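Presented below is the structure to which this report refers.
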Amino acid sequence: MKIGLVLHKTPAKSEEFLISKIKGLMQNGHEVILFAYKDYNFELCEVVGSNKISNIFIFQVLKMLISYVIIIIKSPLVVYRYLNLEKLDGVSFRVRWENLYLNSKILGKKLHWIHFCFATTVFRKENVAKAINAKMGVSLRGYDINVYPLKNPNCYDLLWEKVDKVHSISYSLLEKAKSLNLENNNKQIIIYPAVNKDYFINNKSLKDLSSKNKIEILSVARLHWIKGLEYTIQALAKLKDTNFNYTIIGSGGEYDRILLTINYFDLTDRVKILSHVPHSGLKNFYKKADFYLQYSLEEGFCNSVLEAQSMGFLTIVSDASGLKENVIHGKTGWVVPKREPNLLAKKIQDIIRMDFAELNKIRSAGQDRARNNFDIKIQNDQFNIFFNEDIF
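Under numbering that gives the first Met the number 0, think of the first position of the sequence shown as 0, with each following residue one higher.
Dropping the structure here:
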């Protein structure tokens, strides 16, 4: 089967969830074409770049004319269907032809599936699949559902009307999508993120926290308000009688704000931000940690939490969306209500004082669940079914 995956750009090495998906499809015998802006270091599969926009008007007009001639000669019926579908959706004449130019490289391919790896990659492409007689799929992720619709109400209404099959990374995210007008007549499936259990493995035994001189705490997160890092820092400020180090691995636009928060609570000697750590380097930080914290305000699911559990570390998360499915409270880790730094601080103190045998039981349960229920092999099989299953 020939599957076209649509992304804004080719996956970075840190985006393991996308790379493993592509590898899994190819291992199951599918031909994968990636429609995305290409990083020249990416060689995993065929990549078809989007048509570019020139700032020089005459050059842009020439590029569009050449593109139209090529696609009309190559696939005249596809062009006719596409422009007609756009017209039926009320798209203006000018925008129809702009969209034809933007999507001509996809329209020129013969595919069984077009799958949008993020819902936000679908805009102005909603009619491409039907025009080439392909099935249309979409993956829902945290930003797609939790953030983008806040600024763009009803943005997915046309997508829900056109899509054949919807993949969500958690039940919570799927339910939220339904509140954004996704109807049950779409075929829907949950495929959780996965962890490479052969890589994220740690044989280090858990130490009694009450006897440790210093507690090591770790978060891997973009420096963005939605990750709840300011609430996390507020909670840790209440633990000044506890000797701890807190490491945040991540970069983002709110670096200065988080740095100011650290300084405000006088934690500059205990909290550090490491902006540039490759995904392959995370394992060394997981090995040193006693706790993993993910106190997000919203989260689709969170691969880093899975990786931490697979490595066998005590994990504390907020009750945001998919995190409640990632960690089972009191059994594989702890779930604390979001925006409650006092409760988070108390939970950390309680865990430090917990009986060592009980802590080890929870740690082991989290590790076993992450490694047995969220294996990449399981995910690959589920995506194979997703694309092979007869949905009509």
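Virtual Cβ for every residue (Gly too), placed ideally from N, Cα, C. The structure displayed is predicted, hence computed values, not measured ones.
*Starting from the Cα of N283, find the closest Cα among F199, G251, L149 and give me that residue.*
Of the candidates F199, G251, L149, the one whose C-alpha sits nearest the C-alpha of N283 is F199.
*Specify the secondary structure class of A344 as computed by DSSP and reduced to three states.*
A344 falls in the helix class under three-state DSSP.
_Whole-angstrom distance between L296 and Q59, CA atom to CA atom_ = Going from the Cα of Q59 to the Cα of L296 covers about 43 Å.
*Does DSSP put H223 in a helix, in a strand, or in coil?*
DSSP, read as helix, strand or coil, puts H223 in coil.
_Cβ-Cβ distance between L238 and A369 below 9 Å_ = Between L238 and A369, the gap from beta carbon to beta carbon reaches 9 Å or more.
*the stretch 99-107 in contact with the stretch 29-49 per 3-pair CB rule at 8 Å*: Flag = yes, the stretch 99-107 and the stretch 29-49 touch.
_Quick check: E388 and F290, are their CB atoms within less than 9 Å of each other?_
No.
*What are the boundary residues of the alpha helix (DSSP H) that E253 is part of?*
Looking at the DSSP string, E253 is not in any alpha helix (DSSP H), and its letter there is neither H nor E.
*Cut-off 6 Å between Cβ atoms - residues of its own chain near S171, not counting five sequence neighbours on either side*: When the five nearest sequence neighbours on each side are left out, the beta carbons in the same chain lying within less than 6 Å of the beta carbon of S171 are those of S320, G321, in order along the chain.
_Identity of the residue in G23, I327, T241 nearest I347 by Cα_ = Of the candidates G23, I327, T241, the one whose C-alpha sits nearest the C-alpha of I347 is T241.
*Would a C-beta distance cut-off of 9 Å place L84 and A130 closer than the cut-off?*
Contact flag set, yes.
*Count the C-beta pairs between the stretch 208-222 and the stretch 334-342 that are closer than 8 Å, then say yes if the count reaches three, no if not.*
Verdict: no, contact absent.
*Between G329 and G249, what straight-line distance do the alpha-carbon atoms span, to the nearest angstrom?*
In this structure, the CA atom of G329 is about 28 Å from the CA atom of G249.
*Can you tell me whether Y79 is buried or exposed, with buried defined as 16 or more other CB within 10 angstroms of its CB?*
Y79 is exposed by the Cβ-count criterion.
*Got a sec? Which residues, its chain only, sit under 7 Å from N202 by beta carbon, not counting five neighbours each side?*
Nothing meets the Cβ criterion.
*Can you tell me where the beta strand (DSSP E) with T314 in it begins and where it stops?*
Judged by DSSP secondary structure, T314 falls within the beta strand (DSSP E) whose first and last residues are 313-317.
*Just how far apart, CA to CA, sit F391 and K164?*
Any reading at F391 must be qualified, since the residue scores a pLDDT of 43, below 50, and its modelled position is unreliable; the value itself is stated next. Looking at the two C-alpha atoms, the distance is approximately 10 Å.
*In the structure shown, what three-state DSSP assignment does V326 receive?*
Secondary structure of V326 (DSSP, three-state): coil.
*asked:* Classify G252: buried if its beta carbon has 16 or more other beta carbons within 10 angstroms, exposed otherwise.
replied: Classification of G252: exposed, given that the 10 Å Cβ count is below 16.
*Which residue or residues does DSSP assign as beta-bridge partners of T246?*
For T246, which the question treats as bridged, DSSP gives the partners L217, K271.
*Starting from the C-beta of V146, find all residues in its chain whose C-beta is less than 7 Å away, skip the five residues before and the five after it, and write them out in chain order.*
Only I225 meet the Cβ criterion.
*Per DSSP, what kind of secondary structure is F199 in: helix, strand or coil?*
If DSSP states are grouped into helix, strand and coil, F199 belongs with coil.
*Based on the DSSP secondary-structure assignment, which residues constitute the bridge partners of W112?*
According to DSSP, which records beta bridges pairwise, W112 is partnered with I2, K134.
_Helix, strand or coil at F290 [DSSP, three-state]_ = Collapsing the DSSP output to three states places F290 in a strand.
*Is it a yes or a no for the stretch 12-30 touching the stretch 63-77, going by three-plus beta-carbon pairs under 8 Å?*
Contact fails: fewer than three Cβ-Cβ distances are below 8 Å.
*In angstroms, rounded to a whole number, what distance separates the CA positions of K51 and Y100?*
If you take the alpha carbons of K51 and Y100, they lie about 9 Å apart.
_Using a Cβ-Cβ cutoff of less than 7 Å, which residues in the same chain neighbour I261 once the five nearest sequence positions on both sides are dropped?_
Setting aside the 5 residues that flank it on each side, I261 is surrounded in the same chain by I232, T267, V270, each with a C-beta closer than 7 Å to its C-beta; the list follows chain order.
*asked:* Relative to the C-alpha of I190, which candidate in D207, I168, R256, V304 has its C-alpha closest?
replied: Of the listed residues, the one whose Cα sits closest to I190 is I168.
*Confirm, please, whether the CB-CB distance from V194 to L305 is below 9 Å.*
Contact annotation: L305 and V194 have beta-carbon atoms nearer than 9 Å.
*CA nearest to the CA of F393, picked from A307, V5, K73, N132*: Past the boundaries of the shown model lies residue 393; the chain is included only from 0 to 391, so the question cannot be answered.
*Just tell me which of L342, L292, I144 has its CA closest to the CA of V326.*
When C-alpha distances from V326 are compared across L342, L292, I144, the shortest belongs to L292.
_L139, DSSP secondary structure in three states_ = L139 falls in the strand class under three-state DSSP.
_Among the candidates K150, K161, L358, whose CA atom is the shortest distance from the CA of V121?_
The shortest C-alpha separation from V121 is found at K161.
_Among the candidates I55, T9, I57, whose CA atom is the shortest distance from the CA of K37?_
For K37, the nearest C-alpha among the options comes from T9.
*Go ahead and pull the three-state DSSP assignment for Y444.*
The question about residue 444 has no answer, for the chain in this structure spans 0 to 391.
_Going by DSSP, what residue range makes up the beta strand (DSSP E) through K164?_
164-167 is the span of the beta strand (DSSP E), which, as asked, contains K164.
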